[in-house]
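J.: Residue numbering for the sequence shown follows this note's numbering, starting at 227 and increasing by one per position.
Glycine included, every Cβ here is placed at the ideal spot set by N, Cα and C.
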Amino acid sequence: MKEMVINGIRVRPGQSLNIEIAIARLPTHTLIDLPVFIRSSSIPGPTVLISGGVHGDEINGIVTVKRMLEENIFEPKKGTLIFIPLVNVYGFLSNSRTFPDGRDLNRSFPGNNKGSLASQIAQILTREIIPQIDYGIDFHTGGRMLSNHPQIRVDFKDTKGLKLAEVFGANFTVNSAHIDKSFRKEAFKNDKHILVFEGGESMRLDDKVIQEGIDGTGRLLKHLEMIDGDYPSTKTKKIEESSWVRARVSGIFNSSVSLGEEVKKGQMLAKISDPYGQVKVPVKASASGYIIGVNNLPVVNAGDALVHIGKSQSEG
């Protein structure tokens, strides 16, 4: 491992340190810290960031990283692991995706130390964390009442990132261009590769998705020769493009498909009915592919996103 300095603290090869970066104060003047947990080997190797909670209400991702840390699942035999289970403390405190002013941390990079709270924290990550890492896995979930089947999002044009995604072996690997001002794009601009894992739903825990995230991380770290252990490779379905089927009318939404299911164009996915049983409108697949996301809201409005269909590379 190369010697690194985070928040003015020098981390030497073989050290395990917990560093708290002071980020701001609540209106009560209570200090808010960003805890960073470093686990390193004395043998040189890659540095990998494992983070969650960039969106404060995506608890499943936070718990995925927390479980790796508290159970010491990954002890590097070479290189360094940097764990940040909870990036957006403010959102976590308020059960919110965003900061108190409504800003999204994942649209605030590279940040500014004189800007909004989100911008200030983005600047800390840009200055203190991104220069230290080679790779990263950032754990996310779907939105409120939106469930995502376990998937890695990566830009297929990023050949190194795509290879890492294939090694991770999530159920799906989804082609997702780098989004301006996102954590992933800021890292990529600095020749660092961060995979985004999406699974489950915000404000809800899902043990199966948590385990999928841990297993995929194990496969990736073993591929990088950072850990030992039994993490057999798995195949992932590549999703070249995806689209949401949206509600044509408002009403009560009743889905008849499951996450991960393969569907054909024109297949019945759900029905939307009025509260009185007088009207039933079918929801049909707009394309053939796989169900990678589903809206769990029972009551929807016209235009709402209902079912996310991913089209694999092998399909015409």
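Could you have a look at Q545 and say whether DSSP puts it in helix, strand or coil?
T.: This structure cannot speak to residue 545, because the chain is shown only from 227 to 542.
J.: Can you name the start and end residues of the alpha helix (DSSP H) that H449 belongs to?
T.: Its alpha helix (DSSP H) spans residues D433 to H449.
J.: If you draw a straight line from the C-alpha of M230 to the C-alpha of S482, how long is it?
T.: Their backbone Cα atoms lie some 52 Å apart in a straight line.
J.: In whole angstroms, what is the alpha-carbon distance linking G542 and K464?
T.: Residue confidence for G542 is low, a pLDDT of 37 falling below 50, so the modelled location carries little weight and cannot support an answer.
J.: Less than 9 Å between the C-beta atoms of R379 and L447, yes or no?
T.: Going by C-beta atoms, R379 is not nearer than 9 Å to L447.
J.: Going by the DSSP bridge assignment, what does R293 pair with across the sheet?
T.: Note: R293 sits in no beta bridge, so no partner.
J.: Compute every distance between the C-beta of D381 and the non-hydrogen atoms of the ligand NAD, then say whether any falls below 8 Å.
T.: Only the bare structure without any ligand can be found here, which leaves the ligand NAD out of the picture.
J.: Measure the beta-carbon distance from K497 to V509 and round it to whole angstroms, keeping in mind my assumption that it falls under 8 Å.
T.: K497 to V509, Cβ: 7 Å. Contact.
J.: For A515, I'd like the list of residues in its chain whose CB is within less than 7 Å of its CB, leaving aside the five on either flank, ordered along the chain.
T.: Per the sequence shown, residue 515 should be read as Gly rather than Ala. Here the set comprises V489, I535, G536, K537, S538 and E541.
J.: Taking only three categories from DSSP, how would you classify S481?
T.: S481: strand per DSSP, three-state reduction.
J.: Using a Cβ-Cβ cut-off of 6 Å (strictly less than) and excluding sequence neighbours within five positions of V526, which residues of its own chain qualify?
T.: Correct list, in chain order: A473 and F479.
J.: Would the beta-carbon of T399 fall within 9 Å of that of E284?
T.: Result no, Cβ atoms of T399 and E284 do not sit closer than 9 Å.
J.: Using alpha carbons as the reference points, say which of G486, F318, P261 and T273 lies closest to Q377.
T.: Of the listed residues, the one whose Cα sits closest to Q377 is G486.
J.: Reducing DSSP to helix, strand and coil, say where F318 ends up.
T.: Looking at F318 - three-state DSSP - the assignment turns out to be helix.
J.: Rank T273, V289 and G271 by C-alpha distance to the C-alpha of G279 and give the top, closest one.
T.: Ranking the options by Cα distance to G279, first place goes to V289.
J.: May I ask you to list the residues that DSSP assigns as paired with T306?
T.: Its beta-bridge partners are S266 and T273.
J.: Three-state secondary structure (DSSP) at F335?
T.: It is coil, neither helix nor strand.
J.: Run the CB neighbour count on V533, radius 10 Å, all protein chains shown included, and call it buried at 16 or more, exposed below.
T.: Its Cβ being crowded by 16 or more others within 10 Å, V533 is buried.
J.: Does P357 pass the burial test, meaning 16 or more other C-beta atoms within 10 Å, or should it be called exposed?
T.: P357 should be labelled exposed.
J.: Buried or exposed: Y502, going by 16 or more other Cβ atoms within 10 Å of its Cβ?
T.: By the neighbour-count rule (16 or more Cβ atoms within 10 Å), Y502 is not buried but exposed.
J.: Is it the case that the Cβ atoms of L450 and I359 are separated by a distance below 9 Å?
T.: Not in contact: L450 and I359 (Cβ atoms no closer than 9 Å).
J.: Does the region 387-402 come within contact of the region 255-262, defined as at least 3 CB pairs closer than 8 Å?
T.: Judged by Cβ distances under 8 Å, the region 387-402 makes no contact with the region 255-262, as fewer than three pairs qualify.
J.: Nearest-angstrom Cα distance between M452 and F300?
T.: Spanning the two alpha carbons is a distance of roughly 9 Å.
J.: Rounded to a whole number of angstroms, what is the C-alpha to C-alpha distance between L319 and Q504?
T.: Answer to the nearest angstrom: the Cα atoms are 43 Å apart.
J.: Going by DSSP, name the residue or residues bridged to S469.
T.: Beta-bridge pairing links S469 to I535.
J.: Would you grab the beta carbon distance between H419 and G444 for me? Rounded to a whole angstrom, and I think it's under 8 Å.
T.: Actually they do not touch by this definition, with Cβ atoms about 18 Å apart.
J.: Cβ atoms of P239 and P270: under 9 Å apart, would you say?
T.: Their beta carbons are under 9 Å apart, which means P270 touches P239 by this criterion.
J.: Grouping DSSP H, G and I as helix and E and B as strand, with all else coil, what is G362?
T.: It is a strand residue.
J.: Give me the Cβ distance between V435 and N286, rounded to the nearest whole Å; I'm assuming they're in contact under 8 Å.
T.: Right, the Cβ-Cβ distance comes to about 6 Å (below 8 Å), so this counts as a contact.
J.: Please state whether the Cβ-Cβ distance between T460 and G529 is less than 9 Å.
T.: For T460 and G529, no; Cβs fall outside 9 Å.
J.: Skipping 5 residues on each side, what residues in its chain have a beta carbon closer than 6 Å to that of M371?
T.: Closer than 6 Å at Cβ, skipping near neighbours: N522 and L523.
J.: Are there 16 or more other CB atoms within 10 angstroms of the CB of G439, so buried, or fewer, so exposed?
T.: Classification for G439: buried.
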